[in-house]
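For the record, the sequence lines run as chains L and W.
Going by my numbering, the residue at position 6 of the first sequence is 6; the numbering climbs one at a time, nothing skipped.
Going by my numbering, the residue at position 14 of the second sequence is 1014; the numbering climbs one at a time, nothing skipped.
What follows is one structure encoded as structure tokens, with my remarks underneath.
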Amino acid sequence: MNADTASNALLDQRLALHPQVALRPEPFGALAYHYGNRKLIFLKHPDVVRVVQALAEGDTLADTLLACDIDPARWPSFERALTALTESEMLHERHQDAPG
Amino acid sequence: MEETTATFDDAAVTSPSSADAVTDELLDDELLVEEISIDGMCGVY
Chain L
1 MNADTASNAL LDQRLALHPQ VALRPEPFGA LAYHYGNRKL IFLKHPDVVR
51 VVQALAEGDT LADTLLACDI DPARWPSFER ALTALTESEM LHERHQDAPG
Chain W
1001 MEETTATFDD AAVTSPSSAD AVTDELLDDE LLVEEISIDG MCGVY
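Dropping the structure here:
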């Protein structure tokens, strides 16, 4: 799997903030703290905070980036950021709710 | 008296394409998250 394939896979994923993660807004963006693994991550731009908060509302990551009016030229940076958040267990893949 | 001919320094000119390239580089290097190590900070307020 090359970088492009992995990138497309992330854009097609439905992500959500882990329930053990607290997001604390700050002037520069936000602090994200995981009470389970005790990791602390700075979200260094308000736009990435908006995207993370909007993940649960959107469908895929690509849909969320579009809904948040993120310039497509910045999508690679956001993909790297959300990949890092996923690897730190701050974000996890959510599955579509079963109908019924 | 020598006549000096003013030369137009092409390197000083930032063409729109190169400016966009610089902007693209900045966007590509945009660091949006940073993990902070807090190991060993127990008791620090």
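A virtual CB, placed ideally from N, CA and C, is assigned to each residue, including glycine.
CB contact below 8 Å: residue i versus chain W
{"i": "A54/L", "result": "no"}
{"i": "H45/L", "result": "yes"}
{"i": "L101/L", "result": "Residue 101/L lies beyond the range of chain L shown here (1 to 100); nothing can be said about it."}
{"i": "L17/L", "result": "no"}
{"i": "L40/L", "result": "yes"}
{"i": "V21/L", "result": "no"}
DSSP bridge partner residues for residue i (one or two, in chain order)
{"i": "I123/L", "result": "An answer regarding residue 123/L cannot be provided, because it is not within the stretch 1 to 100 covered by chain L."}
{"i": "P25/L", "result": "A30/L"}
{"i": "H18/L", "result": "Looking at the DSSP assignment, H18/L forms no beta bridge with any residue, so it has no partner."}
{"i": "L91/L", "result": "L17/L"}
Whole-number beta carbon distance between residue j and residue i, since they are thought to touch under 8 Å
{"i": "A101/L", "j": "A54/L", "result": "No answer is possible for residue 101/L: it lies beyond the span of chain L, which begins at 1 and ends at 100."}
{"i": "E1034/W", "j": "I41/L", "result": "7 Å"}
{"i": "T60/L", "j": "Q20/L", "result": "The Cβ separation is near 23 Å, so there is no contact."}
{"i": "V52/L", "j": "L23/L", "result": "7 Å"}
{"i": "L15/L", "j": "T86/L", "result": "7 Å"}
{"i": "G58/L", "j": "H45/L", "result": "Going by Cβ atoms, the distance from G58/L to H45/L rounds to 18 Å, so no, they are not a contact pair."}
Closer than 7 Å: residue i CB and nearest the ligand MG heavy atom
{"i": "L10/L", "result": "Absence of the ligand MG is noted for the structure shown, with no ligands found whatsoever."}
CB contact check: residue i to chain L, cutoff 8 Å
{"i": "P1016/W", "result": "With a pLDDT of 48 at P1016/W, under the threshold of 50, the predicted position of this residue should be treated as unreliable, though the coordinate-derived value follows. Cβ-Cβ to chain L under 8 Å: no for P1016/W."}
{"i": "D1024/W", "result": "With a pLDDT of only 47 at D1024/W, under the threshold of 50, the placement of this residue in the model should not be trusted, and no figure is reported."}
query: Is it a yes or a no for the stretch 88 to 96 of chain L touching the stretch 24 to 41 of chain L, going by three-plus beta-carbon pairs under 8 Å?
result: Enough Cβ pairs lie closer than 8 Å, so yes.
task: Give, in chain order, every residue of the stretch 63 to 81 of chain L whose Cβ lies closer than 7 Å to some Cβ of chain W.
output: Taking 7 Å as the Cβ-Cβ cut-off against chain W, the residues of the stretch 63 to 81 of chain L that qualify are A73, R74, P76, S77, F78, A81.
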